[in-house]
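For reference, the structure is listed below as structure tokens.
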Amino acid sequence: MTQSRTRYLHAAAVCTACALVLSGCGGDAVDTRAGAQSASRSAATVTAEAQAAEEYAAALQHLYVAYFGRPADVGGMVFWDRQFKLSRAPTEPAALAAQYRWNAGVRQVFDAFSNSAESQQLYPGNTPMFLDGVYRNLFNRSADLPGLAWWTNAIDNGQISRAEAAMSIMLGAQGDDAVAVRNKLAVSASFYRQMSLRVSTVLAYNGTRANELARRMLAQVDAKTDLVAFEAIIKATIDELELPIVTPAG
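Here's what the structure looks like:
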């Protein structure tokens, strides 16, 4: 567990620009931002920007998977990529995270993502429940007892916050757990790349229903996932995003 503990700093700086938006939003804050950006620009412009927002793509996908269990949405990717560029932040997740301890803005944003309604719904309950949720989201398994005991002690004794723990556990993964994380990130990147090519899907990937569809897709990915074969599931999920919501009569 020592290696995981020392690597937890990798998590924090992935979030640098978030507090400006998340601190004032309730519920699905990223959804609100995505909708606002879609409304303020033409859809074609948003998709063009989405395809250009590559510099911080890897770091941002880490953030979304760790806190929300789903791929990044276009509005969020465009916004945060721009903020990272303005701040001249490092692009590699570990280098970004290394700024957490001395950058108050990074720390504020990290906490804001963790405290968002979407993340709170994904990781409810006391510390052991929170940690088991993180393990299930990232590794598709329950937390092992030694890991659970170590992280519970660290959180409950104030050595690390819940906000730091999710990304720390993600970046400290080893063996099959690390493979599962890499696969989830690869699927997230593919989903985002394909989604950003379709204006209708850019607009559709917004709101609770869309988030749940994407989250259910990513929950299927583990260390044994055939990424080539999984492309069919990515395509099916993107197609489903655009289906109209049918409300039962009566």
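Each residue of the sequence shown is one higher than the one before, starting from 11 at the first, in this note's numbering. Glycine included, every Cβ here is placed at the ideal spot set by N, Cα and C.
Figure out for me which residue from the options has the closest Cα to the Cα of residue i.
i, options, result
"VAL231", "ALA242, TYR215 and VAL191", "VAL191"
"PHE201", "GLU241, ASN113 and GLN93", "GLU241"
"VAL84", "ASP236, ASP187, ARG226 and GLY217", "GLY217"
"ALA62", "SER206, GLY185 and GLU250", "SER206"
"ALA127", "MET139, LEU228 and TYR77", "TYR77"
"GLU65", "ASN113, PHE89 and ARG226", "PHE89"
"THR162", "GLY182, MET139 and LEU181", "MET139"
"ASN113", "SER124, GLU102 and SER97", "SER97"
"ARG203", "GLN184, ILE248 and ALA159", "ILE248"
"ASP142", "ALA105, ALA122, MET180 and ALA107", "MET180"
"GLN184", "GLY157, VAL209, ARG208 and ARG172", "GLY157"
"LEU73", "SER178, PRO254 and ALA246", "SER178"
"VAL75", "PRO254, ILE243, LEU195 and GLU250", "LEU195"
"GLU250", "TYR145, GLU222 and GLY182", "GLU222"
"GLY135", "ARG172, ARG208 and MET87", "ARG172"
"ARG92", "ALA67, ALA107 and ASP236", "ALA67"
To the nearest angstrom, how far is the alpha carbon of residue i from that of residue j?
i, j, result
"ARG147", "GLY79", "The amino acid at residue 147 is misidentified as Arg; the sequence shows Asn. Roughly 6 Å between the two C-alpha positions."
"SER130", "SER198", "Per the sequence shown, residue 130 should be read as Gln rather than Ser. Taking the straight line from one Cα to the other gives about 21 Å."
"LEU132", "ASN193", "20 Å"
"ALA220", "ALA214", "7 Å"
"ALA239", "ASN167", "44 Å"
"MET227", "ILE170", "30 Å"
"PHE123", "ALA164", "20 Å"
"LYS234", "THR55", "37 Å"
"ALA159", "THR137", "10 Å"
"MET87", "ARG117", "19 Å"
"ASP262", "ALA58", "As shown, the chain starts at 11 and ends at 260. That puts residue 262 outside it, with no answer to give."
"ASN8", "ALA104", "Outside the shown range of the chain, which is 11 to 260, sits residue 8, and nothing can be said about it."
Which class does residue i belong to by DSSP, given the choice of helix, strand or coil?
i, result
"TRP112", "coil"
"PRO156", "helix"
"GLY79", "coil"
"ILE60", "Per the sequence shown, residue 60 should be read as Ala rather than Ile. Helix at ALA60."
"PRO254", "coil"
"SER129", "helix"
"GLN169", "coil"
"TYR74", "helix"
"ASP232", "coil"
"ARG98", "coil"
"GLY182", "coil"
"LEU30", "Because the pLDDT at LEU30 is just 34, under 50, the model does not fix this residue reliably, and the value given afterwards should be weighed accordingly. Helix, per DSSP."
Hey, could you find the ends of the alpha helix (DSSP H) residue i is sitting in?
i, result
"THR247", "237-251"
"TYR66", "No alpha helix (DSSP H) holds TYR66; DSSP gives it neither H nor E."
"TYR145", "137-149"
"ARG219", "218-229"
"GLN204", "185-205"
"THR211", "209-214"
"PRO103", "103-107"
Return the Cβ separation of residue i and residue j in integer angstroms, given the expectation that the two are a contact with Cβ distance under 8 Å.
i, j, result
"TYR110", "PHE120", "7 Å"
"PRO81", "ALA224", "6 Å"
"THR211", "GLU174", "So it is not a contact: roughly 33 Å between Cβ atoms."
"ALA60", "THR101", "Not a contact, Cβ separation roughly 17 Å."
"ALA99", "VAL144", "About 25 Å separates the two Cβ atoms, so there is no contact after all."
What I want to know is whether the C-beta of residue i ends up closer than 8 Å to one or more non-hydrogen atoms of the ligand ADP.
i, result
"ARG80", "Looking for the ligand ADP in the displayed structure turns up nothing, as the structure carries no ligands at all."
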